[in-house]
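The structure appears below as structure tokens.
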Amino acid sequence: MDSCINIPVINLKSGFGKMPVLGFGTAADPPVDSEITKKAVLEAIQLGYRHFDTAALYNSEQPLGEAIVQAINRGLIKNRDDLFITSKLWCSDAHAQHVVPALKTSLKNLGMDYVDLYLIHWPVSAKPGKHEYPIKAEDFLPMDFKSVWEAMEECQRIGLTKSIGVSNFSCKKMKEILSVAKIPPAVNQVEVNPCWQQKKLREFCESKGITVVAYSPLGAVGTFYGTNRVMESQVLNEISKAKGKSVAQISLRWGYEQGIGVVAKSFNKERMKQNSDIFDWSLSSEQVERISEIRQERGCRGVDYTSVHGPYKTIQELWDGEI
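If you read the sequence shown in full-length UniProt numbering, its first letter stands for residue 1, the second for the next number, and so on.
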């Protein structure tokens, strides 16, 4: 459609294909009716979004797949190949024998033959059979990185996914995967925003040819795990007024200028439009410098992750402990 936004792409160095730098998130917290998700996806496709992020945990795979069928039938896109679809392996399926079946289940839910990118959702495993979050302390298990990654590689080899990667992996955990990988991860999807910039991790991934994709680029405000720090940042609000752009646009543009992908979630059509209007303007070097000086604090925290790995009470401690 002529009114569609034109979203730039990133060539995945360790994977196959071109990934649109701006993705549309489908994880709703609190959960919403599947019809709301389908309507939002259709509106996003109509606006020009082509990268959609889902996961087994989100319960959004089926409505996403149904919306894509409707979009094809309406002529909004030619076929499924016009889109870039990411899904994720949940912790309870992060066992060698469950990886391929888990992806096949996701593909059945999506109504697709393949996804473009399949990620290990977290660097921990859990007792099989439960798709729940947060995970109970007694259900945590240490991940066998070698066998799980070999199963992920098998998913790519047999054509169930074009590329494979990870999510929420620290530098230490990335090194563990890279030490056993025959096919290196194409992507590490982690929390990145102006208030949690992840410079060390981004530099490490860049040095290994791994693309970083940001979730919670606006702080996941309104969710139980999110923070208001991004949207209420004095620095971002001052830059917002100076540029005549929203704080969300400033934050997303910052991520784009850092050379990473960003996945933004909004089911509001006007905010979808606004979030995509970040490609025909830029931040000044002074503004980028001011953003670099923002005090850093992770937003995704406070979930009880006490586990077999040690007395880690929160995601913050889990990450810092680099289990």
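Just so it is clear, CB atoms sit at the ideal spot from N, CA and C, and this is done for glycine as well.
Query raised in the report: In or out: A248 buried (at least 16 other Cβ within 10 Å) or exposed?
Result: buried
Report task. Spell out the partners DSSP gives H51 in its beta bridges. Result -> F84
Query raised in the report: Once you ignore the five residues that flank I250 on each side, which residues in its own chain have a CB closer than 7 Å to its CB?
Result: L236, I239, S240 and K243
Report task. Would you check if the distance between the CB atom of A96 and the CB atom of D144 is smaller than 8 Å? Result -> In this structure, A96 sits near D144, with a CB-CB distance shorter than 8 Å.
Query raised in the report: Should V288 be counted as a contact of the ligand FMN given a C-beta to heavy atom distance under 7 Å?
Result: For the structure depicted, the ligand FMN is absent and the ligand set is empty, with no information on it obtainable.
Query raised in the report: Taking just the CA atoms, how far does Q46 sit from D2?
Result: Since pLDDT at D2 reaches only 40, below the 50 mark, its modelled position is unreliable, and the value read off the structure follows with that caveat. Going by the C-alpha atoms only, they are around 10 Å apart.
Query raised in the report: Can you tell me the Cα-Cα spacing of D93 and P101, whole angstroms?
Result: 9 Å
Query raised in the report: Are there three or more Cβ pairs, one per stretch, closer than 8 Å when the region 265-274 is compared with the region 34-48?
Result: With a cut-off of 8 Å, the region 34-48 and the region 265-274 count as touching, because enough Cβ pairs lie within range.
Query raised in the report: Contact check, Q189 vs L119 under 8 Å by CB: the rounded distance?
Result: 6 Å
Query raised in the report: By DSSP, does D93 sit in helix, in strand, or in coil?
Result: helix
**Report entry** Segment contact flag, the region 142-157 with the region 190-206, C-beta cutoff 8 Å, min 3 pairs
**Finding:** Segments in contact, no.
Query - Endpoints, beta strand (DSSP E) assigned at S163 - result: T161 to S167
Query - Whether L22 touches I36 by CB criterion (8 Å) - result: no
Query raised in the report: Mind checking whether P184 and S14 have CB atoms under 8 Å apart?
Result: It is a contact, given that the beta carbons lie within the stated cut-off.
Query raised in the report: Using a Cβ-Cβ cut-off of 6 Å (strictly less than) and excluding sequence neighbours within five positions of S60, which residues of its own chain qualify?
Result: T26, T37 and T54
**Report entry** Per-residue burial, N11 [other beta carbons within 10 Å of its own, 16 or more giving buried]
**Finding:** exposed
Query raised in the report: Shortest alpha-carbon distance to I5 belongs to which of R229, Q274 and Y256?
Result: Checked all of R229, Q274 and Y256; the closest Cα to I5 is Q274.
Query raised in the report: What three-state label does DSSP hand Y114 in the structure shown?
Result: coil
Query raised in the report: To the nearest angstrom, how far is it from the Cα of M231 to the Cα of L218?
Result: 7 Å
Report task. With DSSP as the reference, label E297 as helix, strand or coil. Result -> coil
Query - Continuous beta strand (DSSP E) stretch holding E191: start and end - result: V187 to E191
Query raised in the report: In whole angstroms, what is the alpha-carbon distance linking K146 and I164?
Result: 14 Å
**Report entry** Closest Cα partner of residue 324 within the set Y133, N79 and V9
**Finding:** The structure shown does not extend to residue 324, since the chain is modelled only from 1 to 323, so the question has no answer here.
Query raised in the report: CB H98 to CB P123, shorter than 8 Å?
Result: no
Query raised in the report: Quick one: is F16 buried, meaning 16 or more other Cβ sit within 10 Å of its Cβ, or exposed?
Result: Counting the other Cβ atoms within 10 Å of the Cβ of F16 gives fewer than 16, which makes it exposed.
**Report entry** Opening and closing residue of the alpha helix (DSSP H) in which N237 lies
**Finding:** Boundaries of the alpha helix (DSSP H) harbouring N237: Q234 to K243, taken from the DSSP string.
Requested in this report: Would you mind working out which of G65, V69, A137 and Q70 sits nearest C91, comparing C-alpha positions?
Outcome: The option with the nearest alpha carbon to C91 is A137.
Query raised in the report: Got a sec: is the Cβ-Cβ distance from A71 to anything in chain C below 8 Å?
Result: The structure shown contains no chain C, having only a single protein chain.
Query - Chain-order list of residues whose beta-carbon lies under 6 Å from that of E66 (same chain, five-residue window excluded) - result: Correct list, in chain order: K38.
Query raised in the report: Does DSSP put M19 in a helix, in a strand, or in coil?
Result: strand
Query - Limits of the beta strand (DSSP E) - the one that N11 falls within - result: V9 to N11
Query raised in the report: Which value, in whole angstroms, describes the spacing of the CA atoms of G75 and I158?
Result: Distance between G75 and I158, taken at the CA atoms: about 30 Å.
Requested in this report: Hey, could you find the ends of the beta strand (DSSP E) I215 is sitting in?
Outcome: Here residue 215 is Tyr; the residue named in the question, Ile, does not match the sequence. T211 to Y215 is the span of the beta strand (DSSP E), which, as asked, contains Y215.
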